[in-house]
Amino acid sequence: MLKNQNSKKNIWVIGFPKSGNTWLSYLLSFSFNLRYIDYDDDLKTPKKKWIKNFTSGTLNHKSLKDYSYVKKTHKQKRGILNTNDYIFYIKRDPRDVYVSYNYFMKQKSSGFLGKIKYFIIGLFGKKNRIRWFFKKWQNHIEFWENDSIIIDYEDLLKYGHKYLYKKIKSLEKDIEINIIKEAIENFKFKKLSNGRSPGQEDNKNFFRKGISGDWKNKLSNQEKEEFKRLINRSNFQYDF
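Position 92 of the sequence shown, counted from 1, bears residue number 99 in our numbering, the numbering being contiguous throughout.
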């Protein structure tokens, strides 16, 4: 399935930006007791001591046998993976991704060139930018989905450890559900966001709001209709 030959195996978390990639990476790093690495940017590895401790791969419970790291990427390059690597792909409602992506592009942490490109595309109108965004989002999913275990952001948010346990069991049959429950507890939105409850918004924080369905509050009627048209035209078997 994956061409790069290497004896070391890794767990990969892949998804379109602002789909919950970092959250899922932390959860899997803790659950599998493997060190977390941001493959795209070393500078974005956890800075907070408590997150470092939980994602260092040095916890007391056993590590996933024969695997080295949990790595996160947004790239569309199969060559970065080894033959026996395992991919968890996280999907999120594109309307919520779009809202989060908009806010992210206003932050200092977003890349300068990407920010300029996004601004220029927006000069041609909201519909044009949504079409551009939806095509990129759709292409990203189609590139990876056949090689991956799919994680639905909304289901992970709603059902927590029970949902993730079912997904992880396909790889590690002996994992204890209590470890996954502990992971969900350790990486609750309130802890990641420095004390805010889900729904309390901070547009400058990487973990902005921690809910699903915020697009209903943020998108204009025109934007909602354009997304509806694009979703209806797409071939995705996905409950939006």
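All residues carry an ideal CB built from backbone N, CA and C; glycine is no exception.
On the three-state DSSP scale, how would you describe residue i?
{"i": "R42", "result": "strand"}
{"i": "D48", "result": "coil"}
{"i": "K84", "result": "coil"}
{"i": "F95", "result": "strand"}
{"i": "N17", "result": "strand"}
{"i": "F194", "result": "coil"}
{"i": "S177", "result": "coil"}
{"i": "N67", "result": "coil"}
{"i": "K169", "result": "helix"}
{"i": "N242", "result": "coil"}
{"i": "I137", "result": "helix"}
{"i": "D221", "result": "coil"}
{"i": "S75", "result": "strand"}
{"i": "I157", "result": "strand"}
{"i": "N89", "result": "strand"}
{"i": "L9", "result": "No answer about L9 holds up, because its pLDDT of 46 lies below 50 and its placement is not dependable."}
{"i": "P101", "result": "helix"}
{"i": "F23", "result": "coil"}
{"i": "E230", "result": "helix"}
{"i": "E189", "result": "helix"}
{"i": "L237", "result": "helix"}
Would you check if the distance between the CB atom of residue i and the CB atom of residue j is smaller than 8 Å?
{"i": "K197", "j": "H168", "result": "no"}
{"i": "K16", "j": "N135", "result": "no"}
{"i": "F95", "j": "I58", "result": "no"}
{"i": "Y170", "j": "D162", "result": "yes"}
{"i": "F61", "j": "F23", "result": "no"}
{"i": "K79", "j": "N146", "result": "no"}
{"i": "I158", "j": "L237", "result": "no"}
{"i": "F234", "j": "Y33", "result": "no"}
Taking only the alpha-carbon atoms, compute the straight-line gap between residue i and residue j and give it to the nearest angstrom.
{"i": "K84", "j": "Y76", "result": "18 Å"}
{"i": "F140", "j": "W19", "result": "24 Å"}
{"i": "N89", "j": "N242", "result": "30 Å"}
{"i": "K25", "j": "R240", "result": "23 Å"}
{"i": "I87", "j": "D47", "result": "11 Å"}
{"i": "Y105", "j": "H81", "result": "15 Å"}
{"i": "D39", "j": "G132", "result": "Per the sequence presented here, residue 39 reads as Phe, with Asp not at that position. Cα to Cα, F39 sits roughly 45 Å from G132."}
{"i": "S177", "j": "S227", "result": "41 Å"}
{"i": "S70", "j": "L41", "result": "6 Å"}
{"i": "A190", "j": "K143", "result": "31 Å"}
{"i": "Y110", "j": "E152", "result": "26 Å"}
{"i": "K55", "j": "I137", "result": "35 Å"}
{"i": "K185", "j": "D49", "result": "Reading off the sequence shown, one finds Asn at residue 185, where the question assumed Lys. If I take the Cα positions, the gap works out to 31 Å."}
{"i": "D45", "j": "K51", "result": "6 Å"}
{"i": "Y74", "j": "D181", "result": "15 Å"}
{"i": "D154", "j": "S219", "result": "26 Å"}
{"i": "I148", "j": "Y160", "result": "14 Å"}
{"i": "F150", "j": "I21", "result": "11 Å"}
{"i": "Y108", "j": "K231", "result": "16 Å"}
{"i": "R203", "j": "E179", "result": "33 Å"}
{"i": "N201", "j": "L35", "result": "21 Å"}
{"i": "K165", "j": "K225", "result": "21 Å"}
{"i": "Q229", "j": "E183", "result": "47 Å"}
{"i": "W222", "j": "K113", "result": "17 Å"}
{"i": "F126", "j": "Y93", "result": "36 Å"}
{"i": "I128", "j": "K72", "result": "46 Å"}
(message) Does the structure place the segment 65-72 close enough to the segment 97-109 that three or more beta carbon pairs sit under 8 Å?
(response) no
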